[in-house]
Structures are given as C-alpha cells and as structure tokens.
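Trainee: What the sequence shown shows, in full-length UniProt numbering, is residues 1 to 261, in sequence order.
Backbone N, C-alpha and C fix where the C-beta goes; we use that ideal spot for every residue, glycine too.
Please see the structure below; I have some questions.
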Amino acid sequence: MNKLMVDWAENKAKEHFEQKGSGDSTEVFSPTNLPKNYVNAKKIIKKVSDVDPDLLLPEINAGDDDDKPHKKSPDPSVKYVEFKADNWFGTEVNHNFSSVHVPTSIYDLRGDILDGIQWTSNMDEVFKSNFDQNPTLLWQYYASSSGFMRQYPASKWPNDNSDKHNPDIYDCRTRPWYTVGCQSPKNMVILQDVSGSMTGLRREIAKHANLENVREFKVALDQDRTAGMANFTEALIRAFNILERHRDHSLTGSGWFTKFA
Numbered sequence: 001m002n003k004l005m006v007d008w009a010e011n012k013a014k015e016h017f018e019q020k021g022s023g024d025s026t027e028v029f030s031p032t033n034l035p036k037n038y039v040n041a042k043k044i045i046k047k048v049s050d051v052d053p054d055l056l057l058p059e060i061n062a063g064d065d066d067d068k069p070h071k072k073s074p075d076p077s078v079k080y081v082e083f084k085a086d087n088w089f090g091t092e093v094n095h096n097f098s099s100v101h102v103p104t105s106i107y108d109l110r111g112d113i114l115d116g117i118q119w120t121s122n123m124d125e126v127f128k129s130n131f132d133q134n135p136t137l138l139w140q141y142y143a144s145s146s147g148f149m150r151q152y153p154a155s156k157w158p159n160d161n162s163d164k165h166n167p168d169i170y171d172c173r174t175r176p177w178y179t180v181g182c183q184s185p186k187n188m189v190i191l192q193d194v195s196g197s198m199t200g201l202r203r204e205i206a207k208h209a210n211l212e213n214v215r216e217f218k219v220a221l222d223q224d225r226t227a228g229m230a231n232f233t234e235a236l237i238r239a240f241n242i243l244e245r246h247r248d249h250s251l252t253g254s255g256w257f258t259k260f261a
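Put into structure tokens, the structure is as follows:
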C-alpha cells in the first residue's frame, strides 16, 4: 500500500469535510491566479530566446534548485523550465514535477480544468516516490475525465500547435490505456460518512443521490447510525488494505486492475 497515496486521499477527504461544514464552494481560479504548479506542456519555454525578453518577468524555481532564477511571461500558464537530456526517457525531462497536457479542443484556463490541476498537484510526490522506488519506470500519467493529463517527468509536448496545418489532436480519453481502464471491471470500496455531521438533511440528500444504487446500499443508509467524528485515516487505510487483498483475484483478461476509493 502506498502511504503517499493514502495521505493524499486523506487530505482530499479532509478538504471535502471542511467545505461540507462551512458551505464554501470549490475555489474557481482565474487566469491571474493559476495553480503555481500548472506547467502546460505545450507552453513550456525551453530557452529564454524563444520569446521576447521584454515580456519576461523573474520567477523563483519551485524545484530543487531554488536559488536559480527562472523566467515567465505575462501569460501565467507559460513557464520557463530547465530540462536535462535523459537517455532512459529518450528526451529532455525535468524530474522535479509533472507537466500538464490539455487537448486543443478544451480551453486550458477553464475553471474546472484549473481546479482539477490544483487538486491533483500532490500527485507529483507520488510520481517521484514511485520512480525512486523503481527507477526502471517510464512515463507515469494521470488522465482526468475532463480531458487534462499529468505526465511525469515533465517534458515539452512535441506538438505545441505552432503549425496551424498540423494541430495537436491528442486526447488522453481516447487512448487505449484510458478506455480499457474505464471499461474494465473494478473493485470498489465505498467510504460512507457516518459522522455526526451527516445527521438530518445531509442524510436524506445522500439517500436521494443513490437512487440508482443496488438495494443493499439503500438499506445500509437506512440502518447506519451517525455519531462521533469522521476518522479518515482509519477508513482510508482499511479501504486500501481491502483493495490490496483482492488485487491478485481481480485482474481482468487484459491484465488491468484499477483502484477506486
């Protein structure tokens, strides 16, 4: 079981719990308030000479070499990134973070895209941990149903739409590894919030949200007793342990196994 993944899921659950209690809506980012870790793979600047120097502003690198000045343009989604040639990946990469690809058909500063990029930012630590534990890994991806994709390590996307006659038509949601993962049978562990905050109206809303679920889920919602505080750590560790125990018995014919919690 990957402790980093459990910690990441626990933090997201806590954020959801806090928003549930306060009634606050999810933050919507504007082009002037982008996630700091938004490295758009198609807008990466590999050399300062690639853009007008008068448009560049100083920026501190968020990677390992914090003392090295980096550059950015007034377009906040444009980043200057230092790369190093890596024979293992066959191209220039940066192991400090992941880069993000957004399909050409999707506006890359759209609110839901920026929000997804923000809440998946902690996956960089999982990517790096995976690579540290197994240096033979090649590319690691996170593909979102909204269309954006994280790729680790960061690299410049080969088609940046600079040629209007050869647009970038890549969409992670059409790739075989994505469609197989979505369509194949999955083991699922459903974590139900039965803390005291789910008493009353929220409990009734949860029932209505599950009208298409099998009858056992509805019965469980009627029979549970809400009390005490939510223990995210215990719930997530138990969920991941259940998935790990059943992993060897849940491989599909295509050899894919997907975890959902």
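1. Spell out the partners DSSP gives R150 in its beta bridges.
2. If you draw a straight line from the C-alpha of S195 to the C-alpha of N241, how long is it?
3. Can you say whether F232 is buried or exposed, counting buried as having 16 or more other CB atoms within 10 angstroms of its CB?
4. With three or more C-beta pairs closer than 8 Å as the rule, is the segment 101-113 touching the segment 167-174?
5. Please state whether DSSP places Y80 in a helix, a strand or coil.
6. Write down every uninterrupted run of the alpha helix (DSSP H) in the segment 92-137 whose length is 4 residues or greater and which is fully enclosed by it, in chain order.
7. Measure the C-alpha to C-alpha separation of Q183 and P176 and round it to an integer number of angstroms.
8. Can you check which of these residues, L191, L138, S121, D193, is closest to S144 by C-alpha distance?
9. Grab me the residues of Q118's own chain with a C-beta within less than 6 Å of its C-beta, minus the 5 sequence neighbours each way, in chain order.
10. Please state whether DSSP places N241 in a helix, a strand or coil.
11. Kindly indicate the opening and closing residues of the alpha helix (DSSP H) around Q183.
12. Could you pull out every residue in the same chain whose Cβ sits closer than 6 Å to the Cβ of T91, ignoring the five residues on either side in sequence?
13. Can you tell me the Cα-Cα spacing of H178 and Q140, whole angstroms?
14. Candidates M198, N37, S146, N87: which alpha carbon is nearest I106's?
15. Mind checking A227: buried by the 16 CB within 10 Å criterion, or exposed?
Mentor: So, to answer that:
1. In DSSP, R150 forms a bridge with V100, Y142.
2. 22 Å
3. buried
4. Cβ pair count under 8 Å is three or more, so yes.
5. strand
6. 111-119, 123-133
7. 10 Å
8. S121
9. P35
10. Residue state for N241 is assigned as helix, using DSSP reduced to three classes.
11. 176-183
12. S155
13. One point to set straight first is that residue 178 is Tyr, not His, in the sequence displayed. Spanning the two alpha carbons is a distance of roughly 13 Å.
14. Out of M198, N37, S146, N87, S146 has the C-alpha closest to the C-alpha of I106.
15. exposed
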